[in-house]
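I have placed the structure first, in the form of structure tokens, so that the comments after it can refer back to it.
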Amino acid sequence: MPRYGDVNVSFLAGGRNAQMGMLDGKVAIVTGAGNGVGRGEAVLLAAHGAKVVVNDLGGSVTGDGADAKVADEVVEVIKSRGGEAVANYDSVADYDGAGNIVRSAIDAFGRLDVLVNNAGILRDKMMFSMSPEDFDAVVKVHMYGTFNTMQHASAYWRNESKEGRQPSASIINTVSSAGLQGQASQINYGAAKAGIAAMTIIAGLELTRYGVRANCVGPGGATRMVGAAMAGIEIKNPDEYTEFTAMNPGNSAPAVVFLASDESKPLTGQVLRMVGNSLCVYKPWEMGEEFFATDKEGDAAQWDPADIGRILGRYHFKTMNAGIDAQRRR
Ligand SMILES: NC(=O)c1ccc[n+]([C@@H]2O[C@H](COP(=O)([O-])OP(=O)(O)OC[C@H]3O[C@@H](n4cnc5c(N)ncnc54)[C@H](O)[C@@H]3O)[C@@H](O)[C@H]2O)c1
Numbered sequence: 010m011p012r013y014g015d016v017n018v019s020f021l022a023g024g025r026n027a028q029m030g031m032l033d034g035k036v037a038i039v040t041g042a043g044n045g046v047g048r049g050e051a052v053l054l055a056a057h058g059a060k061v062v063v064n065d066l067g068g069s070v071t072g073d074g075a076d077a078k079v080a081d082e083v084v085e086v087i088k089s090r091g092g093e094a095v096a097n098y099d100s101v102a103d104y105d106g107a108g109n110i111v112r113s114a115i116d117a118f119g120r121l122d123v124l125v126n127n128a129g130i131l132r133d134k135m136m137f138s139m140s141p142e143d144f145d146a147v148v149k150v151h152m153y154g155t156f157n158t159m160q161h162a163s164a165y166w167r168n169e170s171k172e173g174r175q176p177s178a179s180i181i182n183t184v185s186s187a188g189l190q191g192q193a194s195q196i197n198y199g200a201a202k203a204g205i206a207a208m209t210i211i212a213g214l215e216l217t218r219y220g221v222r223a224n225c226v227g228p229g230g231a232t233r234m235v236g237a238a239m240a241g242i243e244i245k246n247p248d249e250y251t252e253f254t255a256m257n258p259g260n261s262a263p264a265v266v267f268l269a270s271d272e273s274k275p276l277t278g279q280v281l282r283m284v285g286n287s288l289c290v291y292k293p294w295e296m297g298e299e300f301f302a303t304d305k306e307g308d309a310a311q312w313d314p315a316d317i318g319r320i321l322g323r324y325h326f327k328t329m330n331a332g333i334d335a336q337r338r339r
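If you count the sequence shown from 1, position 151 lands on 160 in the working numbering, and the numbers rise without skipping.
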């Protein structure tokens with residue numbers, strides 16, 4: 010395993026104003042920035058010079074209720090550290106609300122450069138016990154929420170480009186191993202997260218010409234969302250940690266600062282996982298080895314279903330030793 014012990018990452022200590030300038034002049038939105046992962050991202054983006062819209066509906070982990078205090082508190086943390094931020098309380102699940110989030114960046118700071126889609130809820134259940142409402146609510150916040158803000162922001166950036174002000178902008182969406190690798194009891198959440206990864210690839214393809222990159226971050230950490238699934242874990246706000254701790258949800262924020270900055274150009278359509286002190290890049294779905302069906306004369310033919318298990322068992326899954334046929338195949 011490679012180690013990069015020479016990398017000295019200075020992390021935000023409470024009360025310190027670490028203006029390091031990687032994002033000077035940039036305006037960023039972080040959705041769901043009132044708690045956990047998003048809160049760590051908003052605080053670190055501001056510490057690196059970005060002006061931040063702290064969006065949060067302020068509801069429960071399951072998506073019930075609303076409370077403006079949640080976003081206001083993070084704005085205060087950023088301001089107390091010398092940064093600039095405004096609050097927004099709209100729901101990302103609401104298309105017009107998402108439009109308000111994008112507009113609040115332009116109204117408050119005159120532009121938008123970075124969109125971090127992080128807001129999320131959980132309603133875990135095995136599928137045979139899951140109601141359509143639980144499926145819908147989770148997909149609405151994660152997947153529709155990501156589409157809603159991207160739709161409004163991309164229209165703004167396309168217009169900027171057409172007006173001769175080519176953006177250098179970045180979308181950072183939030184995925185999870187629950188969607189990219191699979192996790193029982195999270196069919197709603199996993200579907201949404203895998204969908205977000207797919208939407209990000211497509212956003213990258215559609216928006217490059219307008220100066221917009223789109224990537225994902227796979228975060229981790231002890232948040233109230235994780236606390237809903239794992240009893241007994243200590244949950245602290247990322248800005249309350251003063252020492253490196255593997256479960257600090259703020260540990261994913263450096264990946265977001267990098268992707269938000271022009272240093273990550275021309276990266277687009279990628280998924281970075283940053284949890285604790287680990288950084289890796291997810292491999293996307295890709296085609297494996299191809300097998301071709303032929304008739305007795307060797308001409309292209311439709312597959313016989315009876316051949317599929319034998320061919321995949323011998324040459325792909327290797328559950329069957331192909332014997333001397335493996336040699337003939339070469
Ligand atoms: N914590 C982890 O280990 C982990 C792992 C993988 C992915 N994630 C992802 O990270 C993101 C943040 O999760 P977290 O663990 O920090 O959870 P969290 O519950 O601490 O934070 C989520 C925030 O989103 C806000 N929110 C919910 N619905 C909203 C809506 N409709 N509009 C605006 N804001 C809304 C909530 O009020 C909350 O402040 C989520 O997308 C989650 O799926 C987290």
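Ideal placement from N, C-alpha and C gives every residue a C-beta, glycine not left out.
Could you check the C-alpha separation between residue i and residue j for me, to the nearest Å?
i, j, result
"N109", "H161", "9 Å"
"F300", "P293", "21 Å"
"G188", "R282", "13 Å"
"A310", "L321", "17 Å"
"V280", "A56", "24 Å"
"N26", "V61", "Its pLDDT being 45, under 50, N26 is placed unreliably in this model, and the value from its coordinates should be taken loosely. Each residue's alpha carbon lies about 15 Å from the other."
"L124", "A37", "6 Å"
"I333", "R323", "11 Å"
"K202", "V184", "5 Å"
"D73", "G241", "23 Å"
"A262", "A331", "49 Å"
"A114", "L121", "6 Å"
"A80", "V70", "15 Å"
"G227", "G106", "25 Å"
"D99", "N64", "7 Å"
"F326", "M296", "15 Å"
"G78", "G173", "The question names Gly, yet the displayed sequence has Lys at residue 78. Distance between the alpha carbons of K78 and G173 is about 39 Å."
"A178", "G154", "19 Å"
"S170", "N126", "22 Å"
"W312", "R319", "12 Å"
"A200", "R337", "42 Å"
"G91", "A59", "11 Å"
"L131", "T251", "28 Å"
"M234", "S138", "20 Å"
"R167", "E243", "44 Å"
"V148", "K274", "30 Å"
At a cut-off of 8 Å, is residue i close to ligand 1 when judged by its beta-carbon and the heavy atoms of the ligand?
i, result
"N127", "yes"
"R348", "In the structure displayed, the chain extends from 10 to 339; residue 348 sits before or after that span and is not available."
"R338", "no"
"V86", "no"
"N44", "yes"
"L216", "no"
"G344", "Residue 344 lies beyond the residue range present for the chain, which begins at 10 and ends at 339; the question has no answer from this structure."
"Y165", "no"
"N342", "For residue 342 there is no data in the structure shown, the boundaries of the chain being 10 and 339."
"V101", "yes"
"P258", "yes"
"K202", "yes"
"A187", "yes"
"D286", "In the sequence under discussion, the amino acid at residue 286 is Asn, which differs from the Asp named in the question. Flag unset: Cβ of N286 not near ligand 1."
"P228", "yes"
"H151", "yes"
"T232", "yes"
"N64", "yes"
"I196", "no"
"T254", "no"
"T40", "yes"
"V235", "yes"
"V95", "no"
"R132", "no"
"R222", "no"
"V280", "no"
In the DSSP assignment, find the alpha helix (DSSP H) that holds residue i and state where it starts and stops.
i, result
"K202", "I196 to L216"
"G236", "R233 to G236"
How is the beta strand (DSSP E) around residue i delimited, first residue to last?
i, result
"T277", "Unbroken run through T277: none, as it is neither H nor E."
"T183", "A178 to T183"
"R174", "Note, R174: premise wrong, no beta strand (DSSP E); not H, not E."
"G227", "V221 to G227"
"V290", "S287 to V290"
Just to check, is the beta-carbon of residue i closer than 8 Å to a non-hydrogen atom of ligand 3?
i, result
"I181", "With respect to ligand 3, the structure shown offers nothing to examine, as its ligands consist of ligand 1."
**OP:** Counting only runs of 3+ residues fully inside the segment 21 to 72, write out the beta strand (DSSP E) ranges in chain order.
**Re:** Runs found: 36 to 39 and 60 to 64.
**OP:** Enumerate, from N- to C-terminal direction, the unbroken beta strand (DSSP E) stretches of 3 or more residues contained entirely within the segment 61 to 147.
**Re:** If only uninterrupted beta strand (DSSP E) runs of at least 3 residues are considered, those enclosed by the segment 61 to 147 are 94 to 97 and 123 to 126.
Original post:
For the segment 294 to 339, which segments carrying the alpha helix (DSSP H) assignment without a break, of at least 4 residues, lie completely within its bounds, in sequence order?
Top reply: Look at the segment 294 to 339 and you find these whole runs of alpha helix (DSSP H), each 4 residues long or longer: 314 to 320 and 334 to 338.
Original post:
At which residue ranges does the segment 240 to 266 contain complete alpha helix (DSSP H) runs of 4 or more residues, listed in the order of the chain?
Top reply: Taking only runs of at least 4 residues, no alpha helix (DSSP H) segment lies wholly in the segment 240 to 266.
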